[in-house]
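A.B. asks: Residue numbers (the working numbering): 19 to 158.
We put the CB at the ideal spot given by N, CA and C, even for glycine.
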């Protein structure tokens, strides 16, 4: 699944452009989270994992194209290293944060709604960045 998505995503990014695609790549993740919020059945697990993997496998390819499009070649290494450090920190903190929330009585549904809200906020920021980039290109 993940390898298939990784192989097929490049042409879509080339066709739509990195910025436009950045606003769409989290949509399968939104679907996965909504499934977990709305339904409670064992068959959801593989569907959730497939949808989540679609977003996750798109991330690496999309990230690379965004670096090339928006970062000066002589700055890529430093920008990427800082971004990767922040990404690693966030992936380390996320399970701890959810674990502390669960230990303090925060429900599964509340955790999922927070994850959904953060994912939707990320999509909104990507849409805003797409709009700003389009306006910047028109002006210059």
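1. Contact between the stretch 43-52 and the stretch 125-145: three or more CB pairs below 8 Å?
2. Mapping DSSP to helix, strand and coil, what is residue 61?
3. Is it the case that the Cβ atoms of residue 73 and residue 43 are separated by a distance below 7 Å?
4. Report the residue ranges of all beta strand (DSSP E) runs contained in full by the stretch 78-128; include only those spanning at least 3 residues, in chain order.
5. Grab the span of the alpha helix (DSSP H) containing residue 54 for me, first residue to last.
6. Would you identify the three-state DSSP class for residue 41, choosing helix, strand or coil?
7. Here's the rule I'm using: 16 or more other beta-carbon atoms within 10 Å means buried, otherwise exposed. How should residue 170 be labelled?
8. Check whether the Cβ atoms of residue 83 and residue 27 lie closer than 7 Å to each other.
9. In angstroms with no decimal places, state the Cα-to-Cα distance between residue 56 and residue 45.
10. When the Cα atoms are used, what is the spatial distance from residue 66 to residue 158?
11. In terms of alpha-carbon separation, which member of 31, 38, 102, 113 lies closest to residue 144?
12. Could you tell me the alpha carbon to alpha carbon distance between residue 30 and residue 71, rounded to whole angstroms?
C.D. replies: Once the coordinates are examined:
1. The answer is yes - the stretch 125-145 touches the stretch 43-52, with three or more Cβ pairs under 8 Å.
2. Numbered from its first residue, the chain shown carries residue 61 at position 43. Residue 61: coil per DSSP, three-state reduction.
3. To locate residue 73, count along the chain shown from 1; it is residue 55. To locate residue 43, count along the chain shown from 1; it is residue 25. Their beta carbons are under 7 Å apart, which means residue 73 touches residue 43 by this criterion.
4. Complete beta strand (DSSP E) runs here, min 3: none at all.
5. Counting from 1 along the chain shown, the entry for residue 54 is found at position 36. 45-56 is the span of the alpha helix (DSSP H), which, as asked, contains residue 54.
6. Locating residue 41 in the chain shown gives position 23, where the first residue counts as 1. DSSP places residue 41 in coil when its eight states are reduced to three.
7. The first residue shown for the chain is 19 and the last is 158, placing residue 170 beyond what the model contains.
8. Indexing the chain shown from 1 puts residue 83 at position 65. Indexing the chain shown from 1 puts residue 27 at position 9. Not in contact: residue 83 and residue 27 (Cβ atoms no closer than 7 Å).
9. The count along the chain shown starts at 1 and reaches residue 56 at position 38. The count along the chain shown starts at 1 and reaches residue 45 at position 27. As the crow flies, the alpha-carbon of residue 56 is around 16 Å from that of residue 45.
10. Sequence index remark: in the chain shown, residue 66 carries index 48 (1-based). Sequence index remark: in the chain shown, residue 158 carries index 140 (1-based). Roughly 43 Å separates the two Cα atoms.
11. Here residue 144 is taken as the residue at index 126 of the chain shown, counted from 1. Of 31, 38, 102, 113, the residue nearest in Cα terms is 38.
12. As a first step, residue 30 is located in the chain shown; it is residue number 12 there, counting from the start. As a first step, residue 71 is located in the chain shown; it is residue number 53 there, counting from the start. The alpha-carbon of residue 30 is positioned some 17 Å away from that of residue 71.
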